[in-house]
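What follows is a short report on a single structure.
Number of protein chains: 2
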Amino acid sequence: MAVLSKDNGVALYAQVRETLRNRIVNGSYQPGERLPAEEALTAEFGVSRMTVRQGISDLLDEGLLYRKRGIGTFVAQRHVHRDHNRLTTFFDSAESESFEARIAVLKQEVLLSRHLVARSLNILEGEPVFHIQTLRFADGLPITLHDEFIPYKLCPEMLDHDFTQVLSWEALERCGFRIKQAVQRVEAIAADGQTAKLLETEIGAPLLYKERTVVAEDGTPLEFALCYNRGDRYSLTTTLTR
Amino acid sequence: MAVLSKDNGVALYAQVRETLRNRIVNGSYQPGERLPAEEALTAEFGVSRMTVRQGISDLLDEGLLYRKRGIGTFVAQRHVHRDHNRLTTFFDSAESESFEARIAVLKQEVLLSRHLVARSLNILEGEPVFHIQTLRFADGLPITLHDEFIPYKLCPEMLDHDFTQVLSWEALERCGFRIKQAVQRVEAIAADGQTAKLLETEIGAPLLYKERTVVAEDGTPLEFALCYNRGDRYSLTTTLTR
DNA sequence: CTTATCCGGTTGTCTATACAACATAATTTT
DNA sequence: AAAATTATGTTGTATAGACAACCGGATAAG
Numbered sequence: 000m001a002v003l004s005k006d007n008g009v010a011l012y013a014q015v016r017e018t019l020r021n022r023i024v025n026g027s028y029q030p031g032e033r034l035p036a037e038e039a040l041t042a043e044f045g046v047s048r049m050t051v052r053q054g055i056s057d058l059l060d061e062g063l064l065y066r067k068r069g070i071g072t073f074v075a076q077r078h079v080h081r082d083h084n085r086l087t088t089f090f091d092s093a094e095s096e097s098f099e100a101r102i103a104v105l106k107q108e109v110l111l112s113r114h115l116v117a118r119s120l121n122i123l124e125g126e127p128v129f130h131i132q133t134l135r136f137a138d139g140l141p142i143t144l145h146d147e148f149i150p151y152k153l154c155p156e157m158l159d160h161d162f163t164q165v166l167s168w169e170a171l172e173r174c175g176f177r178i179k180q181a182v183q184r185v186e187a188i189a190a191d192g193q194t195a196k197l198l199e200t201e202i203g204a205p206l207l208y209k210e211r212t213v214v215a216e217d218g219t220p221l222e223f224a225l226c227y228n229r230g231d232r233y234s235l236t237t238t239l240t241r
Numbered sequence: 000m001a002v003l004s005k006d007n008g009v010a011l012y013a014q015v016r017e018t019l020r021n022r023i024v025n026g027s028y029q030p031g032e033r034l035p036a037e038e039a040l041t042a043e044f045g046v047s048r049m050t051v052r053q054g055i056s057d058l059l060d061e062g063l064l065y066r067k068r069g070i071g072t073f074v075a076q077r078h079v080h081r082d083h084n085r086l087t088t089f090f091d092s093a094e095s096e097s098f099e100a101r102i103a104v105l106k107q108e109v110l111l112s113r114h115l116v117a118r119s120l121n122i123l124e125g126e127p128v129f130h131i132q133t134l135r136f137a138d139g140l141p142i143t144l145h146d147e148f149i150p151y152k153l154c155p156e157m158l159d160h161d162f163t164q165v166l167s168w169e170a171l172e173r174c175g176f177r178i179k180q181a182v183q184r185v186e187a188i189a190a191d192g193q194t195a196k197l198l199e200t201e202i203g204a205p206l207l208y209k210e211r212t213v214v215a216e217d218g219t220p221l222e223f224a225l226c227y228n229r230g231d232r233y234s235l236t237t238t239l240t241r
């Protein structure tokens, strides 16, 4: 029997969601098993059916549950249900994949945008942008050369930041922007001389090249980045849905 | 003034959603503009507030709209709002990116699974699997070498398929499986002799290597695939969310 | 003038209820 | 025995209303 707290500031549907999530991850509800019907959950939690549905809805999106109309709600098999399409920082991944992260700042400057950068940031050619070039190390080995562009007008105080510790995103959030999503395109390219040297690899070595545009809640482009990742040390996982 | 049809089989909230979507794409609602409040939409469409909310909710997920509590619902800037995390077939992408698609079947056999394949499909080592190896051409040029593995027991009638025309997914759906999502991991590797020859490129050329596991609604792995994509002719776009 | 309070508008959460659509199993009819 | 019908349980859609939380601006108090 579950007890929900009425006044701890957490919405009831969120409490329902987390209670169900716990039961799934700790095995009270086994993969493939049918959950109690909405009516039963309604009775158990002492909330209305719509509230139960709202809680379940989130778990459906996560792929932890699936439903069959007229049949029931079921726990999905363990195999996948991970959402790999979350926007994370280099330090975040370092923590979840447990490697030691270090960032070296190679360049930190203001320059005038052109072609690709201007177009991606949806600004006029010639508008000033920050350019931050960093080299990123995992467990002491270089894995990514990172070129990042941010419109100057968005966040002028960006200049006095130590980008070895504070990421540009935090700076952007301090300027009042809420980062919402990013679109990135990856392809495989061969390392040129300059890049190979920085990444301590051979000319022609395969690199995972990534272009990423980060946008705010309202769709304004906040950042455009080019990443050259060492192919032998970097992989990218995504989840696709039908 | 919008008129919703009560009995055309389309849910009211879906009609609300599509009506709003149209107004956004055709510019009746401009980027950045505030939508009429839920109350107003309720009145206009002649449906209840929860129905309006359900319709809006989908557009929020798509990033077409965003909300600020206490303020309103707004149209996002045009820039991004495309969901690139949809599971599509080779022929689907051919249509949307308008290139001519052709598939050559190199191998079509049943073999015994081991290591990576067995683990990815969540079956025992030694269980039989279909192996379908294809070479895929865009506008006549080879771009992808595709190795695909499907547990034999899922769909024995898979043997008599012409995989130049019918994709394995259609076969799986005919066997009653509903493909739900896929997890894929990409990295950049160098082409070996065999692969280089098939893809008509040089040994050592950068390839975008992709491992993909496709799972059904209930989380059962249906297919595991290895794709070797020519780096200079293939790129992959994904959308990440905070 | 500045600060504090109030007010109206908006989205967020929640309730209680009703009927539709669908799937399975049991029952009845043929 | 087979087919059609009915019954029952489940999720899907929709309603009408209520109050909470939040924001911004207007108003009042200092």
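Chain order of the listed sequences is R and C. So the first sequence is numbered by numbering that gives the first Met the number 0: it starts at 0 and just counts up by one. So the second sequence is numbered by numbering that gives the first Met the number 0: it starts at 0 and just counts up by one. For glycine and all other residues, C-beta sits at the position ideal for the given N, C-alpha and C.
Just confirm the distance between the C-beta atoms of ALA249 of chain R and ILE202 of chain R, as a whole number of angstroms; I'd bet it's less than 8 Å. An answer regarding residue 249 of chain R cannot be provided, because it is not within the stretch 0 to 241 covered by chain R.
Would you say the stretch 1–17 of chain C touches the stretch 44–58 of chain C, given that touching needs at least three Cβ pairs under 8 Å? yes
Give the range of the alpha helix (DSSP H) segment to which GLU186 of chain C is assigned. Where GLU186 of chain C is concerned, there is no enclosing alpha helix (DSSP H), although the beta strand (DSSP E) it sits in stretches over 178–189.
Under DSSP, the beta strand (DSSP E) around HIS114 of chain C begins and ends at which residues? That residue, HIS114 of chain C, is in no beta strand (DSSP E); its alpha helix (DSSP H) goes 114–120.
Say whether chain C places a C-beta atom closer than 9 Å to the C-beta of HIS160 of chain R. no
What is the DSSP secondary structure of ASN21 of chain C, reduced to helix, strand or coil? helix
Which chain R residues are close to HIS145 of chain C, counting only those with a beta carbon under 7 Å from its beta carbon? The premise fails here: HIS145 of chain C is roughly 16 Å from chain R at the closest Cβ pair, so nothing lies under 7 Å.
Under 9 Å between C-beta atoms, does LYS179 of chain R make it to chain C? yes
Quick one: which chain R residues come within Cβ less than 8 Å of GLY62 of chain C? LYS179, GLN180 and GLY218
Please check the pair VAL185 of chain C and LEU235 of chain C, which I expect to be a contact at CB under 8 Å, by giving their CB distance rounded to whole angstroms. 6 Å
Determine the direct distance from the alpha carbon of VAL24 of chain R to that of ALA36 of chain R, and round the result to whole angstroms. 19 Å
GLY69 of chain R - partner residues in DSSP beta bridges: Answer is none; GLY69 of chain R lacks a bridge partner.
With ARG173 of chain C as the anchor, note down where its alpha helix (DSSP H) starts and where it stops. 167–173
Residues bridged to ARG52 of chain R by DSSP? Partner(s): none; ARG52 of chain R has no beta bridge.
Relative to the C-alpha of GLY69 of chain C, which candidate in C:ARG33, C:SER92 and C:HIS83 has its C-alpha closest? C:ARG33
Could you give the distance in angstroms between the alpha-carbon of GLY8 of chain R and the alpha-carbon of VAL46 of chain R? 16 Å
Closer than 9 Å, CB to CB, is GLY31 of chain C near chain R or not? yes
Going along the chain, which residues of its own chain have a beta-carbon closer than 7 Å to the beta-carbon of GLU108 of chain C, five neighbours each way excluded? HIS130
Can you list the residues of chain R that ARG132 of chain C reaches, using a CB-CB cut of under 9 Å? According to the sequence as given, residue 132 of chain C is Gln; it is not Arg. Those do not exist, as GLN132 of chain C stays about 20 Å from chain R at its closest Cβ, beyond 9 Å.
Out of C:ALA42, C:MET49 and C:LEU64, point me to the one whose CA is closest to ASN21 of chain C's CA. C:LEU64
Cβ neighbour criterion (16 or more within 10 Å) applied to MET157 of chain R: buried
For the stretch 182–211 of chain C, enumerate the residues whose C-beta is nearer than 7 Å to any C-beta of chain R, in chain order. VAL182, GLN183, ARG184, VAL185, GLU186, ALA187, ILE188, ALA189, GLY203, PRO205, LEU206 and LEU207
For ARG77 of chain R, write down the residues that DSSP places opposite it in a beta bridge. In the DSSP output, where bridge partners are listed per residue, ARG77 of chain R has none listed.
Just to check my reading of the structure: ASP82 of chain C and GLU61 of chain C have Cβ atoms closer than 8 Å, yes? What is that Cβ distance to the nearest angstrom? 6 Å
Is the Cβ of MET313 of chain C closer than 9 Å to any Cβ of chain R? With chain C covering 0 to 241 only, the question about residue 313 of chain C has no answer from this structure.
Identify the residues that DSSP records as bridge partners of HIS130 of chain R: which are they? R:GLU108 and R:PHE148
If we ignore side chains and look at the alpha-carbon of each, how far apart do ARG101 of chain R and LEU111 of chain C end up? 44 Å
CA-CA distance, LEU58 of chain C and PHE90 of chain C? 27 Å
Since LYS209 of chain R is in the beta strand (DSSP E), which residue starts that stretch and which ends it? 205–215
Where does GLU227 of chain R sit, in a helix, a strand or coil, going by DSSP? It should be pointed out that residue 227 of chain R corresponds to Tyr in this sequence rather than to Glu. Strand.
Beta-bridge pairing of ILE102 of chain C - partner residues as DSSP gives them: C:ARG135
Taking LEU40 of chain C as the query, report the chain R residues whose CB atoms sit under 8 Å from its CB, ordered along the chain. Those do not exist, as LEU40 of chain C stays about 19 Å from chain R at its closest Cβ, beyond 8 Å.
Can you list the residues of chain R that TYR233 of chain C reaches, using a CB-CB cut of under 9 Å? GLU186 and ALA187
HIS114 of chain C: buried (16+ other C-beta within 10 angstroms of its C-beta) or exposed? exposed
Figure out for me which residue from R:ALA224, R:ALA204, R:GLU216 and R:ALA215 has the closest Cα to the Cα of GLY230 of chain R. R:ALA204
Tell me the residue span of the beta strand (DSSP E) that contains THR88 of chain R. Segment: none, THR88 of chain R is in no beta strand (DSSP E) and carries neither H nor E.
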